[in-house]
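Trainee:
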Amino acid sequence: RNRTRVLGVAGGDGTVTAVAAVAAAYRTPLVVVPAGTLNRFARDVGLTSADDSAHALVTGSAVHVDLATVQVDGGPQRWFINTASFGDYPNMVRLREKWQQRWGKWPAAAAALITVLAHTEPLTVRIGGVNRKIWLLFVGNGAYHPRGFTPSWRPRLDSGVLDIRYVRADLPFSRTRFAIAAVTGALLNSRTYVQEVHDRIRIDALGEPIALACDGEAHADGHVFNFAAHEEAIRVYRPPDPDAQQDANA
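Here it is as structure tokens:
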């Protein structure tokens, strides 16, 4: 019998992912102390410091949040807290974050996209039963903002969806068209870009196995990838929402 009342983790997203999987398996509340480089999950939950985590634990303030899983070739489920991706998406994110302090967020994002697309090879896949050639594919745990191919943050972690975004490679001059659309702000109207939401989706590699990254780290190569959103998978301590407190006191 599990007698653990609370699990705690101090670290970045990779460490949090590992402990969140245990918390989900045992239905145990989780205290996250942001102590990594980026702390994307903690930030989106509403934690910016160890003081936030301590305050939430002392006051008993917690929320249910969603997690996502992927099963590769019928193997065990792998939990992820932020994103999974095919292609060179993790490198694109690293370049964007490296350049954005110098150039600003949107110029850095466009430059990172163009740089990665210039050196990547297309992947042949079946997405939800539709055959496609793609350059990059992103799967988010929850709905990310903004729209387009620079998903950066989530306003909530209980939407119950997977955020699917990819760049098509099966259209004439797709890389050039995508780059122009990204630079000019017309990406949402471009046929080269697809954005959908699902609660679960299957993606098949047609041909050679393809590599999957989860939360920015290499996970596995495979042919069949089954993704699923899990609503209210864990309970995470976070400071009370000031707006909610004001409404309650009104």
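Be aware that the sequence shown starts at 90, since it is given in the working numbering, and climbs by one per residue.
Beta carbons: idealized from backbone N, C-alpha and C, even for Gly.
Because the structure is a prediction, the values reported are computed rather than measured.
#1: What are the residues that DSSP puts in a beta bridge with G311?
#2: Check this for me: beta carbons of R254 and D133, under 8 Å apart or not?
#3: Since I believe V286 is in contact with D252 (beta carbons under 8 Å), could you give me their beta-carbon distance rounded to a whole number of angstroms?
#4: For P261 and Y115, I'd like the C-alpha separation in whole angstroms.
#5: Is E340 helix, strand or coil when you go by DSSP?
#6: By how many angstroms is the C-alpha of L202 removed from the C-alpha of L276?
#7: Classify Y282 as helix, strand or coil using the three-state DSSP reduction.
#8: Please name the residue or residues paired with I170 in a DSSP beta bridge.
#9: Taking contact to mean 3 or more Cβ pairs, one atom from each stretch, closer than 8 Å, check whether the segment 162-180 and the segment 302-309 are in contact.
#10: Considering T158, what are the terminal residues of the beta strand (DSSP E) in which it resides?
#11: When you compare only the Cα positions, how much space is there between T126 and T137?
#12: Along the chain, where does the alpha helix (DSSP H) that runs through N180 open and close?
#13: Within the continuous beta strand (DSSP E) that includes A99, where are the two ends?
#14: Does DSSP put V250 in a helix, in a strand, or in coil?
#15: Check this for me: beta carbons of V98 and V108, under 8 Å apart or not?
#16: Compute the beta-carbon to beta-carbon distance between R236 and Q189, rounded to the nearest angstrom, for a pair I have assumed lies under 8 Å.
#17: Using the C-alpha atoms, what's the distance from I223 back to T213?
#18: Which residue or residues does DSSP assign as beta-bridge partners of N323?
#19: Report buried or exposed for P165, applying the criterion of at least 16 other Cβ atoms within 10 angstroms of its Cβ.
Mentor: With the given structure in hand:
#1: Here residue 311 corresponds to residue number 222 of the sequence shown, with the count starting at 1. I299.
#2: Here residue 254 refers to the residue found at position 165 of the sequence shown. Here residue 133 refers to the residue found at position 44 of the sequence shown. Not in contact: R254 and D133 (Cβ atoms no closer than 8 Å).
#3: The residue labelled residue 252 in the question sits at position 163 within the sequence shown. The residue labelled residue 286 in the question sits at position 197 within the sequence shown. About 6 Å; that satisfies the 8 Å criterion.
#4: The sequence position of residue 261 within the sequence shown is 172, counting from 1. The sequence position of residue 115 within the sequence shown is 26, counting from 1. Rounded to the nearest angstrom, the two C-alpha atoms are 50 Å apart.
#5: Residue 340 lies beyond the residue range present for the chain, which begins at 90 and ends at 339; the question has no answer from this structure.
#6: Locating residue 276 in the sequence shown gives position 187, counting from the first residue. Locating residue 202 in the sequence shown gives position 113, counting from the first residue. Their Cα atoms are separated by approximately 12 Å.
#7: Indexing the sequence shown from 1 puts residue 282 at position 193. Strand, per DSSP.
#8: The residue you call residue 170 lines up with position 81 of the sequence shown. Partner(s): none; I170 has no beta bridge.
#9: A contact between stretches requires three or more CB pairs, one per stretch, nearer than 8 Å, and the segment 162-180 meets this requirement with the segment 302-309.
#10: For the purposes of this step, residue 158 is taken as residue 69 along the sequence shown, with counting starting at 1. Here the beta strand (DSSP E) through T158 covers 151-161.
#11: As a first step, residue 126 must be located in the sequence shown, where it is residue number 37. As a first step, residue 137 must be located in the sequence shown, where it is residue number 48. Counting only the Cα atoms, T137 lies some 12 Å from T126.
#12: Counting from 1 along the sequence shown, the entry for residue 180 is found at position 91. From DSSP, the alpha helix (DSSP H) with N180 extends over 178-192.
#13: By one-based count along the sequence shown, residue 99 stands at place 10. Its beta strand (DSSP E) spans residues 96-100.
#14: Taking the first residue of the sequence shown as position 1, residue 250 is located at position 161. In the displayed model, V250 falls within coil according to three-state DSSP, outside both helix and strand.
#15: As a working note, residue 98 is residue 9 in the sequence shown. As a working note, residue 108 is residue 19 in the sequence shown. Contact: yes.
#16: Here residue 236 corresponds to residue number 147 of the sequence shown, with the count starting at 1. Here residue 189 corresponds to residue number 100 of the sequence shown, with the count starting at 1. The Cβ separation is near 18 Å, so there is no contact.
#17: For the purposes of this step, residue 213 is taken as the residue at position 124 of the sequence shown. For the purposes of this step, residue 223 is taken as the residue at position 134 of the sequence shown. Distance between the alpha carbons of T213 and I223: 7 Å.
#18: The count along the sequence shown starts at 1 and reaches residue 323 at position 234. Just to set this straight, residue 323 is Ile in the shown sequence, not Asn. Per DSSP, V154.
#19: Walking along the sequence shown from the start, residue 165 turns up at place 76. When all chains shown are included, P165 counts as exposed.
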